[in-house]
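**Student:** So that we are looking at the same thing, I have put the structure below in structure tokens.
Protein chains: 2
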Amino acid sequence: MGDYINEFCMHTATCGQLGLEDVDGEVVLCGWAWHNRDHGGLIFVDLRDRDGYTQIVVDPDCVSAEDFAAAEHLGREYVLRVTGKVRARAEEAVNPNMATGAIEVLASKLEVLNTSVTPPFSIEDGIETDEITRMKWRYLDIRRPEMLANLKLRHRAAHALRNALDKRGFFEVETPILANSTPEGARDYIVPSRPNPGKFYALPQSPQQFKQMLMCAGIERYYQIARCFRDEDLRADRQPEFTQLDIEMSFVEGDDVIDMMEDVMAEVLPQVGVAQEFPLQRMQWAEAMDKYGCDRPDVRFGMLLHNITDLVKNTGFKVFASVAQQGGVVKAINAKGAGDWSRGEVEKLASIAEENGAKGMAWVAFTTDGQEKSPIKKFFTDEEWAALKAEMEVEPGDLLLFAADKPEVANAVLSALRLHMAEALDVPREGHALLWVVNFPMFKYDEGEKKYSAEHHPFTQVLREDLDKIEDVPLECGSYSYDLVMDGYELGGGTIRIHNADEQRRVLRRLGLTDAEIDEKFGHLIHALELGAPPHGGIALGLDRFIMLLAEKPSIRDVIAFPKTSSASDPMTGAPSEVTARQLKEVDLRLL
Amino acid sequence: MGDYINEFCMHTATCGQLGLEDVDGEVVLCGWAWHNRDHGGLIFVDLRDRDGYTQIVVDPDCVSAEDFAAAEHLGREYVLRVTGKVRARAEEAVNPNMATGAIEVLASKLEVLNTSVTPPFSIEDGIETDEITRMKWRYLDIRRPEMLANLKLRHRAAHALRNALDKRGFFEVETPILANSTPEGARDYIVPSRPNPGKFYALPQSPQQFKQMLMCAGIERYYQIARCFRDEDLRADRQPEFTQLDIEMSFVEGDDVIDMMEDVMAEVLPQVGVAQEFPLQRMQWAEAMDKYGCDRPDVRFGMLLHNITDLVKNTGFKVFASVAQQGGVVKAINAKGAGDWSRGEVEKLASIAEENGAKGMAWVAFTTDGQEKSPIKKFFTDEEWAALKAEMEVEPGDLLLFAADKPEVANAVLSALRLHMAEALDVPREGHALLWVVNFPMFKYDEGEKKYSAEHHPFTQVLREDLDKIEDVPLECGSYSYDLVMDGYELGGGTIRIHNADEQRRVLRRLGLTDAEIDEKFGHLIHALELGAPPHGGIALGLDRFIMLLAEKPSIRDVIAFPKTSSASDPMTGAPSEVTARQLKEVDLRLL
Chain A
317 MGDYINEFCM HTATCGQLGL EDVDGEVVLC GWAWHNRDHG GLIFVDLRDR DGYTQIVVDP
377 DCVSAEDFAA AEHLGREYVL RVTGKVRARA EEAVNPNMAT GAIEVLASKL EVLNTSVTPP
437 FSIEDGIETD EITRMKWRYL DIRRPEMLAN LKLRHRAAHA LRNALDKRGF FEVETPILAN
497 STPEGARDYI VPSRPNPGKF YALPQSPQQF KQMLMCAGIE RYYQIARCFR DEDLRADRQP
557 EFTQLDIEMS FVEGDDVIDM MEDVMAEVLP QVGVAQEFPL QRMQWAEAMD KYGCDRPDVR
617 FGMLLHNITD LVKNTGFKVF ASVAQQGGVV KAINAKGAGD WSRGEVEKLA SIAEENGAKG
677 MAWVAFTTDG QEKSPIKKFF TDEEWAALKA EMEVEPGDLL LFAADKPEVA NAVLSALRLH
737 MAEALDVPRE GHALLWVVNF PMFKYDEGEK KYSAEHHPFT QVLREDLDKI EDVPLECGSY
797 SYDLVMDGYE LGGGTIRIHN ADEQRRVLRR LGLTDAEIDE KFGHLIHALE LGAPPHGGIA
857 LGLDRFIMLL AEKPSIRDVI AFPKTSSASD PMTGAPSEVT ARQLKEVDLR LL
Chain B
317 MGDYINEFCM HTATCGQLGL EDVDGEVVLC GWAWHNRDHG GLIFVDLRDR DGYTQIVVDP
377 DCVSAEDFAA AEHLGREYVL RVTGKVRARA EEAVNPNMAT GAIEVLASKL EVLNTSVTPP
437 FSIEDGIETD EITRMKWRYL DIRRPEMLAN LKLRHRAAHA LRNALDKRGF FEVETPILAN
497 STPEGARDYI VPSRPNPGKF YALPQSPQQF KQMLMCAGIE RYYQIARCFR DEDLRADRQP
557 EFTQLDIEMS FVEGDDVIDM MEDVMAEVLP QVGVAQEFPL QRMQWAEAMD KYGCDRPDVR
617 FGMLLHNITD LVKNTGFKVF ASVAQQGGVV KAINAKGAGD WSRGEVEKLA SIAEENGAKG
677 MAWVAFTTDG QEKSPIKKFF TDEEWAALKA EMEVEPGDLL LFAADKPEVA NAVLSALRLH
737 MAEALDVPRE GHALLWVVNF PMFKYDEGEK KYSAEHHPFT QVLREDLDKI EDVPLECGSY
797 SYDLVMDGYE LGGGTIRIHN ADEQRRVLRR LGLTDAEIDE KFGHLIHALE LGAPPHGGIA
857 LGLDRFIMLL AEKPSIRDVI AFPKTSSASD PMTGAPSEVT ARQLKEVDLR LL
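Here it is, written out as structure tokens:
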């Protein structure tokens, strides 16, 4: 009972900490009246605070008549201060499922600190209330134990990360929110500047440029739990503002940042309840794309992609053969356990393939009773068929799904189908799995826009052995880049940065910028690189997503105290809202 | 040499840590070539990193010809990696003023990691470079040891505060930056919302409403090192965005928050080099105004204000007598050591009085050679004069300065003169002094606007004994309010909040709001108070100002990594800047 949490306040213990060792102690508890009931002339109140709940017994023989009357008229969520004595419960009343279930507090005094009107939904876990209602009364939603637990976990994780980084010599440095527009990024939020009519700040999409400046400034090891902003359309794991753990280090090369981050995670994960073995797997980007079809593989289950291009390149099934002969790929997954699905069920999967760019989806079902069902079997020779079954390690009960297309399309299709089938077949994916995906290509080519863009970002260092390829064979350039992947989500990513001004110019030119555009958009970065920039690199981790995965919640909204709706509004405060004509005029703007 | 700072990177030690105990050790150092010189066929380089600097000796007999040639052509701020052996310096070369002054490193290998063009100013402490230039090349400015020390101190202070709060059960919770407009505050920064044409977010001036919501949500103890925004004209200690340590607690009353914060400061201050005795002084607001003329007294020196109204109310000096008779006050300070100032010097002080609202400034000089000079002496009787001298404890060499006006004007005038005279007379103000100023009035009355406003803010709890006075004698209402004052600056302030919806309505009505306006502007707060709000209170500390005072710097710009100029712009990134027509159109705006 001597915790700091119980100092400087109106109570002497929390509602979650009392046990048999406290029996006969006088305590003062504060909290919310959760469940109230009369029984045998006594009133029982489950008094709840953020730490748990304790059973209060109000006996008319032990409190004033006034206090007893107050107890008789308690409403849900009334705020109470209860003074009383801890006593052991009768044996039959002990509740082993409750932290304080061995005791109860016999009240000697009961004060109603505040009343409550009836809440619009129950302050209980697992409610079915729609999310807009929960957000409108967010203070009631958070009062539910599962939401409080999420925010507590968020605090614990952030604090553990801070301590681990402080110990490793990282300084927390705050970078501006009123920043400048980021060239070539997503859409910026813009903020008019009153003393500079017609000019705008942009809210930062990340502190990327500032953290590189801090390395040029000699900070050497920087971190920040930084707010970032992107004006994009929203999804379950996107919010207008989000938080990232932003890290940058000087005098690093190669795998140094990966090694450091892994060391941090090995310290932090046990503190937030995750048992992860270290060192983490480091998977080449090419292998991730080949076997999982994506750069953020969920490695908690198999169902890997098999490349069967060679095997089918001469098959009588013309779709496969022509894709194979025109430089495309034919790949397949084996969804074990779906072999008895009906033709109708299987063909519905084609819509997933099509959403990911496929023109159709071939399949073969091997029923548990030994049949082979497929629209394409007839085009295969016996040898081809046998080879396919061997490659895919077919057993009765298996369903093969195929994609034949350009590699990026085939991968996207099968990656999506793999995740869908894992969900549909309830493939076990318990616990967490972290790994690194490393060595992304430096560039990718956009067929539509006919230009190169950076796979990670344009400040990434090309592998030293690929430096000569930037101008002529950019797609063959690897890069010092790494993503940390958790449970099939990209938790974060980083790169070793370019610290040489000429190298930075070469990469920007390869991305199609003229020297004038480079000076205009990236001038201050180039200047910094010319003035003694140290070798440096970093990483950024999505904190919201990390907590979402740790808490095993479906949406980052469950781990953000005050999130926005899918239309980027806050039903509680009414933001965004109209402003006065004067406010607009002060910043020289008018509405269209 | 085994620190974490030396893991996961290209060096094995920092430039600030080697000593005699490391002699004969092989080390790798990375850093910037600071001071380079040739002497006796050897090249000496002071290699600098964030931790300090180490003397490197490059001997042509110990490195390759190529490395020696590189050493001969080192420019200032070149980035180096040096491999070598630690050796004790010759006795006459030992530098006791340098942390690594007992040793030097004899290089066996020298790599130039990056070159540098000539910096626009020296990377040295105490430069006279104008601030705009420093901000344009901020990464060079921060590379100077004194600026790195400021940011390191900022990290250390913030981390110590976080640890102290975590230990006391506070959860860090992030509140929105894309928030709603704050009624009755300073000018907001506004951000157009694309999915909500014509609507705007406001950047928060403080997380006030969210932290109260978090208390209603049952978080119980919240903190955040929060970015806040005010679109105001800038001064030395104002920036468009600033950082506050924001704290809120539930189940508190009276002095609980003061006690908790004092406990935190007692833990944190020794970690940032401040020896402060505890408990801190708690000065009533009325006493601070009476004796110091302001609510943020610098108590490191005297020169207190004396109220001489009674003493002069019948004097022949009509200015004093009429002010005294019309309910004003006559007050004076004794600036010891200025008694020999010339009449011209003294009368220049009148401009300070006038800037603070006075119509003029009376004075009396007592020269060290025993003369009494004053334009007002002739109006005093001998008894009045003797009483004045006794009250002001006059000695030869003293200068009395007077203010006669409404109390708020007289206080402002003498508070400004007191600080000015302390500066002018070089009154010792060493070290730091913290104290609490408590019990602010709840309301103040604006003669111009003919209405009441809240002295602290409208969510402050009125002293329980003054509750009945809200409607009829509001100026007599005290409040549960407290400011933490350091060295004459308001470091922060807080209050116990209103947790009762009716009480909140009464206060808002007294501020002139109609019930409809209360619902419109404060509806979600009132709802939250009606739904089981716990008693709560909090405090916010200006982090920038705290670090500025700890670092003993004249401006918060020296302790912010990337501050804005007085026109709210950033010379390094060019923010704010123009945006494209398309960007404006997307948010339904056009420029006037």
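Sequence order for the protein chains is A and B.
The opening residue of the first sequence carries number 317 in our numbering; numbering runs sequentially from there.
The opening residue of the second sequence carries number 317 in our numbering; numbering runs sequentially from there.
Built from N, CA and C at the ideal position, the CB exists for glycine as well.
1. Return the CA-CA distance between proline 744(A) and leucine 715(A), expressed in angstroms with no decimal places.
2. Can you pull the chain A neighbours of tryptophan 348(B), defined as C-beta to C-beta under 9 Å?
3. Under 8 Å Cβ to Cβ from glycine 853(B), same chain only, skipping five residues before and after it: list those, please.
4. Please report how far the alpha carbon of valine 588(A) lies from the alpha carbon of glycine 858(A), in whole angstroms.
5. Can you have a look at lysine 767(A) and say buried or exposed, based on whether 16 or more other CB atoms are within 10 angstroms of its CB?
6. If the cut-off is 9 Å on Cβ atoms, which residues from the segment 500 to 522 of chain A count as contacting chain B, listed in chain order?
7. Have a look at tyrosine 539(B) and cysteine 610(A) and give me their C-alpha separation to the nearest angstrom.
8. Tell me whether proline 523(B) sits in a helix, a strand or coil according to DSSP, three-state version.
9. Ordered along the chain, which non-local residues of its own chain (more than five positions away) have a Cβ less than 6 Å from that of aspartate 338(B)?
10. Bridge partners for histidine 355(A) per DSSP, in chain order?
11. If you check the beta carbons only, do methionine 605(A) and asparagine 755(A) fall under 9 Å apart?
12. Answer with yes or no whether the minimum CB distance from lysine 483(B) to chain E is below 9 Å.
13. So if I threshold CB-CB distances at 8 Å, which residues from the segment 376 to 396 of chain B count as touching chain A?
14. Between Arg364(A), Lys760(A), Gln371(A), Asp367(A), which lies nearest to leucine 358(A) when the distance is taken from Cα to Cα?
15. Note down, one range per segment and in chain order, each alpha helix (DSSP H) of at least 4 residues found wholly within the segment 655 to 741 of chain B.
16. Please give the ranges of any beta strand (DSSP E) in the segment 328 to 355 of chain B, keeping only runs that are unbroken, at least 3 residues long and fully inside the region.
17. Beta carbons nearer than 7 Å to chain A: which residues of the segment 411 to 435 of chain B have them?
18. Against serine 883(B), what residues of chain A qualify as contacts under a CB-to-CB distance less than 8 Å, listed in chain order?
19. Helix, strand or coil for asparagine 755(A) per DSSP?
20. Okay, do the segment 409 to 427 of chain A and the segment 379 to 393 of chain A touch, 3+ Cβ pairs below 8 Å being the bar?
21. Starting from the Cα of valine 823(A), find the closest Cα among Asp799(A), Ile786(A), Ala502(A), Leu800(A) and give me that residue.
22. Does the CB of phenylalanine 487(A) have a neighbour CB from chain B at under 9 Å?
23. For my contact list, leucine 911(A) and glycine 368(B) are in at a C-beta cut-off of 8 Å; report their separation, rounded to the angstrom.
24. Using a Cβ-Cβ cut-off of less than 7 Å, list which residues of the segment 459 to 475 of chain B approach chain A; keep chain order.
25. For a contact defined as C-beta to C-beta under 7 Å, what are the partners of cysteine 793(B) on chain A?
26. Anyone know if the C-beta pair for valine 680(B) and glutamate 688(B) falls short of 9 Å?
27. For arginine 537(B), collect the residues of the same chain with a Cβ closer than 6 Å to its Cβ; drop the 5 residues on either side in sequence, then sort them by chain order.
28. Taking contact to mean at least 3 C-beta pairs separated by less than 8 Å, is the segment 583 to 602 of chain B in contact with the segment 747 to 766 of chain B?
29. Within 10 angstroms of its Cβ, does aspartate 446(B) collect 16 or more other Cβ (buried), or is it exposed?
30. With a threshold of 16 other CB atoms inside 10 Å of the CB of serine 883(A), please say whether the residue is buried or exposed.
31. Would you mind stating whether lysine 722(B) and glutamate 894(A) have Cβ atoms separated by less than 9 Å?
32. Buried or exposed for phenylalanine 594(B), please, with buried defined as at least 16 other CB atoms from any protein chain shown within 10 angstroms of its CB.
33. Comparing C-alpha positions only, which one of Ile624(B), His736(B), Arg612(B), Lys869(B) sits nearest to tryptophan 701(B)?
34. What's the call for leucine 866(A), buried or exposed, on a 16-neighbour Cβ count within 10 Å?
35. Could you work out which residues of chain B lie near histidine 772(A), taking near to mean beta carbons separated by less than 9 Å?
36. In three-state DSSP terms, what is isoleucine 802(A)?
**Tutor:** With the structure as the only source:
1. The residue given as residue 744(A) occupies position 428 in the first sequence. The residue given as residue 715(A) occupies position 399 in the first sequence. Computed Cα separation, rounded: 18 Å.
2. Position 32 of the second sequence, counting from 1, holds the residue named residue 348(B). Near tryptophan 348(B) (Cβ distances below 9 Å), the residues of chain A are Gly534, Gly848, Pro850.
3. Your numbering for residue 853(B) matches position 537 in the second sequence. Cβ neighbours of glycine 853(B) within its own chain (closer than 8 Å, five residues either side excluded): Glu564, Met565, Val568, Glu569, Asp572, Val573, Gln777, Tyr796, Gly810, Thr811, Ile812, Arg813.
4. What you label residue 588(A) is simply residue 272 of the first sequence in a count that begins at 1. What you label residue 858(A) is simply residue 542 of the first sequence in a count that begins at 1. Distance between the alpha carbons of valine 588(A) and glycine 858(A) is about 16 Å.
5. As a first step, residue 767(A) must be located in the first sequence, where it is residue number 451. Exposed, by the Cβ-count rule.
6. Going along the segment 500 to 522 of chain A in chain order, one finds Arg503, Asp504, Tyr505, Ile506, Val507, Pro508, Ser509, Arg510, Pro511, Asn512, Pro513, Gly514, Lys515, Phe516, Tyr517, Ala518, Leu519 with a Cβ nearer than 9 Å to chain B.
7. Taking the second sequence and counting its residues from 1, the one referred to as residue 539(B) is at position 223. Taking the first sequence and counting its residues from 1, the one referred to as residue 610(A) is at position 294. CA-to-CA, the gap between tyrosine 539(B) and cysteine 610(A) works out to about 39 Å.
8. Your numbering for residue 523(B) matches position 207 in the second sequence. Correct three-state label for proline 523(B): coil.
9. Mapped onto the second sequence, residue 338(B) falls at position 22. So the list reads Val402, once near-sequence residues are dropped.
10. If you number the first sequence from 1, residue 355(A) lands on position 39. Per the DSSP secondary-structure output, histidine 355(A) pairs in a beta bridge with Leu358(A).
11. The residue labelled residue 605(A) in the question sits at position 289 within the first sequence. The residue labelled residue 755(A) in the question sits at position 439 within the first sequence. Between methionine 605(A) and asparagine 755(A), the C-beta gap is not smaller than 9 Å, which leaves the two residues out of contact.
12. In summary, chain E is missing from the structure at hand, where the protein chains are A and B.
13. Correct list: Glu393, Tyr394, Val395.
14. Translated into positions along the first sequence, residue 358(A) becomes position 42. When each option's Cα is compared against that of leucine 358(A), the closest is Gln371(A).
15. 659 to 664, 666 to 671, 698 to 707, 723 to 740, all fully within the segment 655 to 741 of chain B.
16. Counting whole runs of 3 or more residues, the segment 328 to 355 of chain B contains the beta strand (DSSP E) stretches 342 to 355.
17. Along the segment 411 to 435 of chain B, the positions whose C-beta sits under 7 Å from a C-beta of chain A are Leu429, Asn430, Ser432, Val433, Pro435, read in chain order.
18. Walking along the second sequence from the start, residue 883(B) turns up at place 567. By Cβ distance, chain A contributes Pro511, Asn512.
19. Taking the first residue of the first sequence as 1, we reach residue 755(A) at position 439. The DSSP-derived three-state label of asparagine 755(A) is coil.
20. Short answer: they touch.
21. Mapped onto the first sequence, residue 823(A) falls at position 507. If you compare the alpha carbons of Asp799(A), Ile786(A), Ala502(A), Leu800(A) with that of valine 823(A), the shortest gap goes to Ile786(A).
22. Position 171 of the first sequence, counting from 1, holds the residue named residue 487(A). Interface residue, yes.
23. Residue 911(A) is absent from the model: chain A starts at 317 and stops at 908.
24. For the segment 459 to 475 of chain B, which is checked against every Cβ of chain A, the residues closer than 7 Å are Arg459, Leu464, Leu467, Lys468, His471, Ala474, His475.
25. Here the question's residue 793(B) lines up with position 477 in the second sequence. Correct list: empty, because the minimum Cβ distance to chain A is about 21 Å.
26. To locate residue 680(B), count along the second sequence from 1; it is residue 364. To locate residue 688(B), count along the second sequence from 1; it is residue 372. The Cβ-Cβ distance between valine 680(B) and glutamate 688(B) falls below 9 Å.
27. Counting from 1 along the second sequence, the entry for residue 537(B) is found at position 221. Gly485, Phe486, Met565, listed in sequence order.
28. Taking 8 Å as the limit for Cβ pairs, the verdict is that the segment 747 to 766 of chain B does touch the segment 583 to 602 of chain B.
29. Here residue 446(B) refers to the residue found at position 130 of the second sequence. Around the C-beta of aspartate 446(B), fewer than 16 other C-beta atoms lie within 10 Å, and the residue is accordingly described as exposed.
30. As a position in the first sequence, residue 883(A) is number 567, starting the count at 1. So serine 883(A) counts as exposed.
31. By one-based count along the second sequence, residue 722(B) stands at place 406. By one-based count along the first sequence, residue 894(A) stands at place 578. Lysine 722(B) places its beta carbon 9 Å or farther from that of glutamate 894(A).
32. In the second sequence, counting from the first residue as 1, residue 594(B) sits at position 278. Label assigned to phenylalanine 594(B): exposed.
33. Taking the second sequence and counting its residues from 1, the one referred to as residue 701(B) is at position 385. Ranking Ile624(B), His736(B), Arg612(B), Lys869(B) by CA distance to the CA of tryptophan 701(B) puts Ile624(B) first.
34. Here residue 866(A) refers to the residue found at position 550 when the first sequence is read from its first residue. Flag for leucine 866(A) reads buried.
35. The residue labelled residue 772(A) in the question sits at position 456 within the first sequence. Think of a sphere of 9 Å around the beta carbon of histidine 772(A): no beta carbon from chain B falls inside it, the nearest being about 20 Å out.
36. Start at 1 with the first residue of the first sequence, and residue 802(A) comes out as number 486. Sequence inspection shows methionine at residue 802(A); the isoleucine mentioned does not correspond to that position. It is a strand residue.
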